[in-house]
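For the sequence shown, the positions run 1 to 786 when UniProt numbering is used.
Glycine included, C-beta positions come from ideal geometry on N, C-alpha and C.
This one's a predicted model, so the numbers in the text were calculated from it and none came from an experiment.
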Amino acid sequence: MSAVDLDLIEAIRDSARDLLSRRDQRQRKRAAGGVDRAYWRELAEAGWLGMSVPESLGGLGLGWHALAAVIEEAGRAQLPEPLVGAGVLGATLLANLQPLSGSPLRDTLLQTLCDGTRMIGLAWQETEGQLEAGEAAGVFGVSVTAREGAYVLNGEKRHVIGGDDVDGWLVTADGEHGTLLFYLEAGTPGVTVQPHARADGTPACHLSIEAAIVPAAALLASDGVLDAVDEALDYGRLMQSAEMIGGARQVLADTVAYLNTRQQFGKPLASFQALQHRLVDAAMQVELAASSLQDALNTLAETTHAQSAHQTTTRKVLASRVKARAARAGLDATRLAIQLHGAIGYTEECDVSLYFRSALHLAAWLGNAAAHRQRYGALADAPSPPMDDGHDAPSPSAEPFPRDADWNDMPEAEFRALLRRFFRAHYPAHLRHVPWRLHWDEIKPWYYTLSRQGWIAPSWPREHGGMALSPARQIAFIEEAEQYGVARAPDQGLVMLGPILIRYGTEAQRARFLPGILSGEAVWAQGYSEPNAGSDLAALRCEAVIDGDDLVVTGQKTWSTLAQDATHMFMLVRTDKTVKKQAGISFLLVDLASPGVSRRPIRTLSGHEEFCEVFFDQVRVPRGNVVGELNAGWTIAKALLGFERLFSGSPKHANHALQQIFNIARQRGLLADPAFTDRLAELRLDSADLTAMYRVFADMARAERPLPPALSLLKIWATETHERLGALLIQIAEEYGGVQMRLGYGDGGVQALAPFVNALAATIFSGTNEIQRNIYAKQVLGLDGA
């Protein structure tokens, strides 16, 4: 989000690390004692307690992104003080209140909470598993009756964080005309505190209130109390999620360090691939939680403070989505850390125990993962049925669409609306959301339409016939095409070869090959993989021998997508067998009409001839068709894995499969089945968090920042989420789950088998998910196994 100052956030994070490093939190066991008030005031002096409080109310007004960064670092350091329970919740509630006219109490409490002279607990919960403040109103909890000049409180509050270490509590109470909020001083007669420790030593208590008399001045608010409490709880859940993310990241880092040094069977534990992959999967849950948190904070920052029903629902949905994922991530990471540390991990001597106990506390407090998954499923908007059945004709339009414009200065909303109108006017409706790759003869009319419009090459520079879209506009173009269900035209010339020629090719090569790509006269296929050289691409053996002004190519390529339709192929060939395998590779352009070329289509298990095997028998290729320097093809091949690889992790396939699940579920009445809806809610969360992770990387691309190796996680999660959704789809399609792939379910609007089959393929292509896990284990986690 552009309004967030990333440099400022990192500076705040560094400052938090520095403050926390001055006191070794993990050596001070939480169960050893109460809150260190001197250190609490030190945290307040650093601005932590008032970081999200508006400046107009005496806080720093730095917002939730900044506070989340601080609390994540607190989670890493295992800060013993209950920062969320006795700081964030109270400050958020007080800041959001509409205080009673003429009463200074709200401002006094907020000031003393922010400056650290007062610790305040929030006493709202009345039953186990309660998620919202009003759920138990009139049944359990605290009631209030008015007395002249005072109020009398009776009842109980449960699981109050801060325990008996706080100076007082913000207490909700049910009155005759609604819910009131009071400040209840510790030590008030009639208040019995039953202290207990959470799993990690965090102080907590139950409050028993029997005929406790509080002065009229202790009344804080009488209007909008429940809404204000619920808002504070949801922001508290976001912040406790940040704490779990920090703890999970640190415990995984500690585990990696342990595995890199611990020897077993004469080798470091880090060398065992099974352990590497388990750590990657745990790290993936953590990064999904982090992406979900960032996405939620971005979304909430864009809403106005004024409450509406839609904004309230959005906040609840986001908070539950983040809490459900963070709870899973925290428990998975700490549980795995114990397992991988072995016996020492099961002792208090090892810091792993601190993180595990913290995860137990935070995952259960303010609602566990199952409860929030259910709340998300109940509140999140279900995918709407398509606006048309996919079989109507494109809408006729007399609107003139510009061939050229200053696309990057055009407001994004206007640019996206223009694309949607163009797609509706010109894209064949019967080809929307086709769940398989179309052959050239099926899609070429659309290719020609884009070519005539001048929109066929969004990323190319203008001087080469492209739209010269910025990364942000490229993402918008692709996302709108995906949303409308536009099928991929044969785009390997557009998204792969074209940018390579523009960057590495000669003027003669650009003049010769680029116009054919733009017009559709030349259809290009990729020639990378070979038998025994798939994921290990550098092991390729297809050979090109220099013979005068030609190269003579002998060998084969396989898994070339729709190469049977192609006129040309860009390929990697071995031109030097005397050097290390990456160094002797060249990037070559070949006319597939050349003598010696033969092709054999490969029919996939879906029954579609999507791939092709291409054989080269002494094929002569002009030496001028080598792109870049001879034997420098490996550098060019890696360049193809840049910006475009982001879209292999696009959530479009998962979201479309989810739409199809809802289509069948509505027809069959499955949305009334609790077992089905619970499974569906879990997969909806998976899909939503995939979208959040995609947005994080898309934001990097928009800002023209380099995409990190962590992009491997996006590919893994996108394809495996798509596969899980596909499995559910064929399950609920019953007999249609086992029919020929192109046979539609019921009225033909859903191809039940397609998502599952396509997802199987996607877990293999572009580097198998196992290879992606290896990359992440080594390049990101640092599991070297040396």
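Excluding sequence positions up to five before and after R23, its CB lies within less than 8 Å of the CB of Y39, all in the same chain and listed in chain order.
For the options D227, N774, L6, D5, the alpha carbon positioned closest to that of A95 is the one of D227.
With fewer than 16 neighbouring CB atoms inside 10 Å of its own CB, F265 falls in the exposed class. Counting only the Cα atoms, L588 lies some 5 Å from V626.
Around the C-beta of K715, 16 or more other C-beta atoms lie within 10 Å, and the residue is accordingly described as buried.
A direct Cα-to-Cα measurement between A637 and L497 gives close to 10 Å. In this chain, the alpha helix (DSSP H) harbouring P674 covers 674-702. A direct Cα-Cα distance of roughly 7 Å separates L238 from K323.
Taking each of A429, V256, R403 in turn and checking the Cα distance to I456, the smallest one comes out for R403.
A Cβ-Cβ distance of about 5 Å is found for the pair V434 and A487, placing them in contact under the 8 Å criterion. Each of A718, A710, G175 was checked against the Cα of V780, and the nearest Cα belongs to A710. The C-alpha of W524 lies about 26 Å from the C-alpha of R742. Excluding its 5 nearest sequence neighbours in each direction, K581 has C-beta neighbours in its own chain below 7 Å: A538, A539, listed in chain order. Taking every protein chain shown into account, the CB of V545 has fewer than 16 other CB atoms within 10 angstroms, so this residue is exposed. By the criterion of a C-beta distance shorter than 6 Å, W48 is surrounded in its chain by V70, once the five residues flanking it on both sides are discounted. Q751 counts as buried, since at least 16 other C-beta atoms from the protein chains shown sit within 10 angstroms of its C-beta.
Exclusion of the five residues before and after E482 leaves S650, K652 as the residues of its chain whose Cβ lies within less than 7 Å of its Cβ. Membership of F616 in any alpha helix (DSSP H) is not indicated; the residue belongs instead to the beta strand (DSSP E) covering 611-622. Approximately 16 Å separates the beta-carbon atoms of W717 and L760; this is outside 8 Å, ruling out the contact.
Beta-bridge analysis with DSSP links F587 to L572, V627. Y528 carries a coil assignment under DSSP once its states are collapsed to helix, strand and coil. Within the same chain, and ignoring the five residues on either side of N663 in sequence, the residues whose Cβ sits closer than 6 Å to its Cβ are V750. The beta-carbon distance between A270 and L783, rounded to whole angstroms, is 4 Å. This is short enough to meet the 8 Å contact definition. Inter-residue distance for V88 and S143 is about 26 Å (C-alpha atoms, whole angstroms). Residue L713 holds the alpha-carbon nearest to the alpha-carbon of T763 among D351, E210, L713, K577. The alpha-carbon separation between V53 and D115 amounts to approximately 12 Å.
Minimum Cα-Cα distance from Q564 among the listed residues R599, D281, G201, L658 corresponds to R599. Residue environment: S594 is assigned as exposed (fewer than 16 neighbouring CB atoms within 10 Å of its CB, all protein chains considered). Here Y745 is bridged, per DSSP, to V750. Between the region 247-262 and the region 199-210 there are fewer than three C-beta pairs closer than 8 Å, too few to call the two in contact. The residues S712, K715, I716, in chain order, have a CB closer than 6 Å to that of Q772 in the same chain once the five nearest residues on each side in sequence are set aside. Distance check between S606 and each of F570, A123, A468, N758 places N758 closest, using alpha-carbon atoms only. A distance below 7 Å between beta-carbons, with the five flanking residues on each side excluded, links A380 to the following residues of its chain, in chain order: V317, R684. Separation of the CB atoms of W440 and Y235 is rounded to 53 Å, and the pair is thereby denied contact status at 8 Å. I546 carries a strand assignment under DSSP once its states are collapsed to helix, strand and coil.
Across the set L562, E414, G345, the C-alpha of L562 shows the shortest separation from the C-alpha of V614.
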